[in-house]
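See below for the structure under consideration.
In my numbering, the protein residues as written are 46 to 481.
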């Protein structure tokens with residue numbers, strides 16, 4: 046387990062570095078341009094590139110040793126951050142404040158590609174869990190992976206805020222270059238006894254082999270349904286991305302909201318520690334559905350009244366349950382998918398699942414603005430339930446969350462009763478996966 050713990054620490058520093066740059070450029074671009082459009086584009090570009098490149102990144106992981114893929118990720122990020130710094134230094138004075146200028150968008154593009162290059166690590170790490178951790182302990186190891194994500198989430202916004210305040214993107218990129226170099230050097234000394242990378246039966250080295258990977262997924266009963274279920278949850282999760290800050294800021298000041306999210310992020314850490322100690326049970330797929338069922342039931346109730354404490358309790362529950370679902374999905378895939386295909390299957394799942402959130406975020410904002418908010422301000426909804434649910438803009442947003450919770454609960458119950466759930470549970474219990 047010692048190499049695994051070194052890899053966890055290495056990934057923690059790399060993730061904090063990359064996401065600090067992402068947060069920092071969002072803060073910095075807004076301060077430079079005062080444009081919400083620009084910050085929205087940064088989020089959209091990140092999510093679209095994550096979805097679009099996931100499968101290719103997965104093929105890189107499968108066709109190379111996993112640690113080599115992670116080293117390559119660090120090299121790519123280092124080069125792109127270096128180019129970003131060069132653009133920042135040579136850009137004409139005032140060019141970075143011009144929203145329609147080439148310099149600003151060239152800079153944003155290079156920085157975002159540097160961040161995106163780090164996603165190779167999020168695909169490689171679960172495959173390394175398969176190599177390094179005995180099957181009966183993988184669920185606990187995946188819990189530690191979730192804990193590392195929580196620590197990174199907790200620290201990133203704080204670090205990026207101080208870096209931007211003290212030295213803008215210049216200091217941020219210097220920090221990123223130094224940290225990326227440290228991560229690279231450290232990883233050189235982590236010894237992992239990996240099997241020789243193979244492209245998989247019927248695939249040529251260096252090719253993504255989409256058809257072959259889809260055939261592997263289709264060959265495991267219920268696996269496509271699992272990926273589609275996670276995608277559906279991300280569709281509803283996009284609602285949180287689009288509306289949570291607006292709803293929270295309608296209840297408290299921005300400083301308070303930021304501090305509350307720092308507290309809420311501790312749920313990731315605690316959840317990961319609990320999973321690392323207790324595991325996920327004999328059927329991780331059942332654990333995944335239970336976690337989602339509880340999360341969606343919570344979603345029905347946590348905005349029923351305009352209370353910040355009710356909102357914080359709901360968000361904390363949501364964040365606590367997230368690592369359980371993520372660890373359960375990874376543990377299932379690690380057992381039922383052949384090892385030589387795991388990178389591409391994880392990449393395929395990332396591409397499909399991540400495509401859902403930005404689509405919902407783009408769709409739900411106008412729907413909330415032009416349908417739900419008027420409905421609960423002076424429309425039929427305000428007349429029907431306004432006396433106890435409340436009226437106004439924030440109650441329109443609250444109704445979106447409640448409706449999403451009802452839909453999520455119904456779909457999760459249907460998934461429990463589905464044939465796909467039974468078949469995939471049987472495959473996992475049978476232990477026939479090549480990842481075991």
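The C-beta atom is built at its ideal place from N, Cα and C for all residues, glycine as well.
Quick check on this structure: which residue in the options has the alpha carbon closest to the alpha carbon of residue i?
i           : options               : result
residue 128 : 143, 106 and 156      : 156
residue 331 : 460, 225, 235 and 163 : 460
residue 377 : 318, 385 and 268      : 268
residue 238 : 172, 424 and 75       : 172
residue 147 : 355, 410 and 132      : 132
residue 358 : 115, 306 and 119      : 306
residue 94  : 56, 160, 118 and 226  : 160
residue 387 : 367, 54, 141 and 174  : 174
residue 410 : 321, 281 and 60       : 281
residue 166 : 140, 80, 353 and 118  : 118
residue 115 : 53, 80 and 83         : 53
residue 210 : 223, 77, 136 and 183  : 77
residue 278 : 289, 334 and 137      : 334
Alpha helix (DSSP H) containing residue i: first to last residue?
i           : result
residue 132 : 111 to 135
residue 179 : Here residue 179 belongs to no alpha helix (DSSP H), and DSSP marks it neither H nor E.
residue 370 : 353 to 381
residue 52  : 47 to 78
residue 462 : Element bounds for residue 462: n/a, residue is neither H nor E.
residue 6   : Limits of the chain in this structure are 46 at one end and 481 at the other, which puts residue 6 out of reach.
residue 431 : 425 to 434
residue 256 : 255 to 264
residue 147 : 147 to 162
residue 346 : 329 to 346
residue 141 : Careful: residue 141 lies outside any alpha helix (DSSP H) and carries neither H nor E.
residue 419 : 418 to 422
Does the beta-carbon of residue i have 16 or more other beta-carbons within 10 angstroms, so that it is buried, or is it exposed?
i           : result
residue 97  : exposed
residue 415 : exposed
residue 304 : exposed
residue 371 : buried
residue 108 : buried
residue 379 : buried
residue 473 : buried
residue 185 : buried
residue 100 : buried
residue 396 : buried
residue 120 : exposed
residue 389 : buried
residue 445 : buried
residue 466 : buried
residue 261 : buried
residue 228 : buried
residue 248 : Bear in mind that the predicted position of residue 248 carries a pLDDT of just 47, short of 50, making it unreliable; the figure below should be weighed with that in mind. When all chains shown are included, residue 248 counts as buried.
residue 250 : Because residue 250 carries a pLDDT of 47, less than 50, the predicted location of this residue cannot be relied on, and the following value inherits that uncertainty. The residue is exposed, with fewer than 16 neighbouring Cβ atoms inside 10 Å.
residue 233 : exposed
residue 426 : buried
Could you check whether residue j and residue i sit closer than 8 Å to each other, using their CB atoms as the reference points?
i           : j           : result
residue 391 : residue 255 : no
residue 291 : residue 394 : no
residue 235 : residue 62  : no
residue 212 : residue 57  : no
residue 435 : residue 351 : yes
residue 443 : residue 348 : yes
residue 141 : residue 149 : yes
residue 65  : residue 201 : yes
residue 225 : residue 123 : yes
residue 145 : residue 270 : no
residue 293 : residue 405 : no
residue 265 : residue 381 : yes
residue 328 : residue 470 : yes
residue 486 : residue 204 : Since the first and last residues shown for the chain are 46 and 481, residue 486 lies out of range.
Would you call the region 121 to 135 and the region 405 to 425 in contact, with 3 or more CB pairs under 8 Å?
No, they do not touch.
Okay, do the region 363 to 377 and the region 135 to 154 touch, 3+ Cβ pairs below 8 Å being the bar?
Taking a contact to require three or more Cβ pairs closer than 8 Å, the region 363 to 377 and the region 135 to 154 do not qualify as touching.
Under 8 Å, with one C-beta from each stretch per pair, do the region 339 to 347 and the region 443 to 457 reach the 3-pair mark?
Yes, the region 339 to 347 is in contact with the region 443 to 457.
Closer than 8 Å is the cut-off here; do at least three beta carbon pairs connect the region 66 to 83 with the region 352 to 370?
Put simply, the region 66 to 83 does not touch the region 352 to 370. Fewer than three CB pairs are less than 8 Å apart.
Cβ contact check for the region 215 to 224 and the region 54 to 70: 3 or more pairs under 8 Å:
Flag = yes, the region 215 to 224 and the region 54 to 70 touch.
Is the region 309 to 327 close to the region 186 to 196, with three or more CB pairs under 8 Å?
With a cut-off of 8 Å on Cβ pairs, the region 309 to 327 is in contact with the region 186 to 196, counting three or more such pairs.
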